[in-house]
Amino acid sequence: MNKYFQFQHKHKRIILIIVALLTVFFTYHLTSIKLNADFSTLFNQTGTQVYYPSGNVDREKIDSLINSYQQLNNPTPIEIANIDIPTNYNDKQNIDYPTLTENEKNLKSSTNLLLLISSDYFFTPVFLNTLDICLENLENTKEVKKISSVFDYITIEKKGTRLSLVSVSPNKIGEQWSDESTTLLKQRIAKDPTITGYLVGVDLNSAIFNLNTAYLNEDEIYDLLKILEPLEDLGATFAITGQLPITYRIMYYLQHDLSLLLSLCFIVILIIFYMSFRSKRSMILPFLLSLLAIIWTLGTMALLGYELSLINIVTPCMVLILGSSYVVHILSEYFDQYNKEDEQNTALKATKKIYKTILLAAITTIAGFLSLLISKVDGLKEFGTSVSIGIVYCAILSLTLLPIILSYLKSPKSKNIDTYKNGLLTKTINKMSILITTKWYLFILAFVLIIIGFLYTKDKVAVDTNYMSYFPSSDRIVSDTQEISKALGGDLPYEIIIDATGESEKFFLDPQNLEKVYEFEKIVMNNPDVMQNISFASYVAFLNKTYSNKEEIPTNKALLNLFDRLIITLKNNNESTLLSKVISTDGNQLRIYFQTFDSKNGDISTISSSKELETLMIEALELLPKDTKVTFSGTNAKALKFSEQLLLDQNNSQLLAYLLVFIIASIAFISVYKGLLTLIPVVVAIMMNYIFMYLLNIPFDMVTVSFASVAIGAGVDDAIHFLLKFTNLQKNNTLSTKEAITLTIQSTGRPIVLTTLSIVLGMVMLTFASYLPIRYFGLLMSIALMDSMLATILILPSTILFVDAIKERLKRNTKTSG
């Protein structure tokens, strides 16, 4: 390295030109980096769960699970359907029905929006008549291609001795609603189990409308609701959701957070550096180097084809925060080594003395981030890779560009150097060194208590992959989505796919096989979080009840085949509904849809709710016929699988980070013992974070799941700095362990505190993010790095003294026994 530093010192201008050219190159490419707001792809990266029923049913366990549920007294659709029609409103005349202005944009592409219209007077003639006109105006715009709703749905009724297909809506197009037709509509809705809780709200005061629209911008989406304004006079409220408006909000917050968080991090680091060194150079240089490192990192991400997503949006902030610590180390050594008689070479000498600390710190930090590469989630892999690249750039710029710039600057003022060497922080550190070396046993006791607290809480931290909970609670998309979920008694369905694995034809048209599927469904419906199910078996039971007044699977195979043909006809008429997917054309695959809702928390399905449901379903699977394969699918199942994968990735990457840091430190110090000592501060930090997560009810999510690996890589820097100094002092045989510890704390304490504070305050800025996971990540990283710093100054030296005391006692015992 000495030859490199000599070359660098002799060819300053060449290096400055190279840095400038690289900056121009990466600046050009970073302009092409994209924001990725597609959250749906995350859940598809962890695969699906597949089971093969064996027929070994544990009835006692199933009954035990059912008995453990708190049954909810939800009104049934039949009860709701019997409510009286309010007569508070009369038909209004001369209502002004607004329409949207046509635009000339490309309307070929399309997406689906879910629109909920609610009113206490929804199923009244006046409301339905007004609704018909509004929907006609809405569908006549170019923005809306098609509207699907309960009014287009086909159901089945018994007429005489035959089952007939009828429209749920008794009115013909353009026909006015009357009391009689409204009552008939309600009765048909109440009888068909696939309508209430899916197309119509469970309390019968709302309905869902599926709008197939062009790709509109966010304002245009909500402008559509203007056409529905006449309904507001009848007490109507509207809620709208869908992947498009959710994606728009994610994109908005990604752009907002990227600019806000970077600005806040820059400001706080500038202030910290100025307050620490009382020098303009100490404020401007970290800013300059961090800015260059961010430009280089984002440019590299663009070249690698990476995008900024929910998971890695904090990458620029992490590069800025962590990379600035290397500047602190060099500036601290620069002020320590400053000699006015040789000021041109002070920066070079300082860099030569501190470079090992920086290189080792960078390597261990990179090891922590690269441990995320074993994750199955692409976003975490890209996050680990991107920040690792940024750390490499920070280390290179700190060791190359910083000393060159310092050599061109004027010498620091004597009062700045005096403030650095004799300030309040330095005096406090010196006093602390005496306390630590005399009362070290108290810090060992604290270490033991932290271990006990960790063992108690480590398995009690929750997991949250509900992306809707990540948005600010005041955001309209959150309130609208929750309103729709509550109105329907559930959100996206939990999908069960059952395939026949044998060679039988029309396997599920065998009454015995279908009866077993129906029994499975009835068991699952005991879970209070399952509000509705749509399936072939349940609809066959409904048809049988309509036909023979028996809600069961018919034993007559001919009758079952008749029902199958009716359902095929229904599927062709209700193509956009889940009913169209419940059975394959060959009769060898079934799809069951369970509409779920977290009844305990009164919210859309949560991980704990899905886990409880899946536990029951796994036990009940043995009720299904043999020679079948069962696949858990749907957003809720994938979210649960994703959460389990996140925890597994977190544990694996954490262990790998520990292992990599231990190996690197052991090699660097040529000592397994010191390799283990290096891990103590980060182990304390991780254990403390588990305790804080438990106490503050902070869950693991797609961002916070990476905190352990990041904290290990970033937090170990302090321990390395401390042990490098301690090792050098140990080479002086005239110093005792206690004396070496005291001098080490006094020498390294100030830069350790400064670097940690700059990083921690930078991390605290992440708590101003819009997304809850990023706020949690900033908080957890701040706590972890503070704990790591305190453990480095308090627990690490105490452990060294504790081990030294044990060695001394063993020596005395050996001499005594000898």
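For the sequence shown, the residue numbers in the numbering used here are 149 to 966.
Think of the CB as a built atom: it goes at the ideal place given N, C-alpha and C, for glycine as much as any other residue.
Bear in mind the structure is a predicted one, so any value in this text is a computation, not a measurement.
query	result
Can you check whether the CB of LEU468 is closer than 8 Å to the CB of GLY910?	yes
To the nearest angstrom, report how far apart SER457 and MET449 are at their CA atoms.	12 Å
Cutting at 8 Å between CB atoms, please list the residues of its own chain near ASP623, excluding the five before and the five after it.	ARG397
Just tell me which of ILE584, VAL274, ASP371, PHE517 has its CA closest to the CA of LYS529.	PHE517
Determine the direct distance from the alpha carbon of ILE598 to that of THR962, and round the result to whole angstroms.	33 Å
Look at the alpha carbon of PHE656 and the alpha carbon of ASN736, and state the distance between them as a whole number of angstroms.	6 Å
Buried or exposed for LEU825, going by 16 or more other Cβ atoms inside 10 Å?	buried
For PHE531, report the span of its alpha helix (DSSP H) as first-last.	526-556
To the nearest angstrom, how far is the alpha carbon of TYR301 from that of MET835?	56 Å
Which value, in whole angstroms, describes the spacing of the CA atoms of PHE275 and VAL292?	22 Å
How big is the Cα-Cα spacing for SER936 and ALA833?	5 Å
May I have the straight-line CA-CA distance separating ASN674 from LYS587, to the nearest angstrom?	60 Å
In angstroms, rounded to a whole number, what distance separates the CA positions of THR389 and PRO378?	21 Å
If I'm right that ASP775 touches THR629 with Cβ under 8 Å, what's the distance once you round it to whole angstroms?	Their Cβ separation, rounded to whole angstroms, is 40 Å, which puts ASP775 and THR629 out of contact at 8 Å.
Of all the alpha helix (DSSP H) runs that stay within the bounds of the region 619-695, which reach a length of 4 or more residues?	624-636, 659-672
Quickly, what does DSSP pair GLU305 with across the bridge? List them, please.	SER312
Between TYR482 and ALA495, what straight-line distance do the alpha-carbon atoms span, to the nearest angstrom?	6 Å
Tell me PHE777's beta-bridge partners as DSSP assigns them.	Position check: residue 777 holds Lys in this sequence, whereas Phe was assumed. DSSP output for LYS777 lists ASP647 as bridge partner(s).
If you reduce the DSSP assignment to three classes, tell me which class GLN737 lands in.	strand
Does MET841 pass the burial test, meaning 16 or more other C-beta atoms within 10 Å, or should it be called exposed?	buried
For ASP128 and SER519, which I take to be in contact (beta-carbon distance under 8 Å), what is that distance rounded to the nearest angstrom?	Examination of residue 128 is not possible in this model, given that the chain is present from 149 through 966 alone.
Quick check on the burial criterion: 16 or more other C-beta atoms within 10 angstroms. Buried or exposed for ILE162?	exposed
Could you spell out where the beta strand (DSSP E) holding PHE357 opens and where it closes?	354-361
I need the DSSP call for SER854, collapsed to helix, strand or coil.	helix
Could you give the distance in angstroms between the alpha-carbon of SER758 and the alpha-carbon of LEU446?	38 Å
CB HIS404 to CB SER918, shorter than 8 Å?	yes
For GLU455 versus LEU183, is the C-beta distance shorter than 8 Å?	yes
Going straight from the alpha carbon of ARG960 to that of ASP952, what length do you get?	12 Å
Rounded to a whole number of angstroms, what is the C-alpha to C-alpha distance between GLU380 and THR330?	20 Å
State the beta-bridge partners of ALA387 as determined by DSSP.	LEU264
Buried or exposed, going by whether 16 or more other CB atoms sit within 10 Å of the CB of SER884?	exposed
When burial is assigned at 16 or more other CB atoms within 10 Å of the CB, is THR733 buried or exposed?	exposed
Can you tell me the Cα-Cα spacing of LEU827 and SER895, whole angstroms?	21 Å
Suppose contacts are defined by Cβ-Cβ distances below 8 Å. Is VAL462 in contact with ILE644 by that definition?	no
What are the residues that DSSP puts in a beta bridge with SER296?	ASN358
Exposed or buried, what is ILE948 when buried is set at 16 or more other beta-carbons lying within 10 Å of its beta-carbon?	buried
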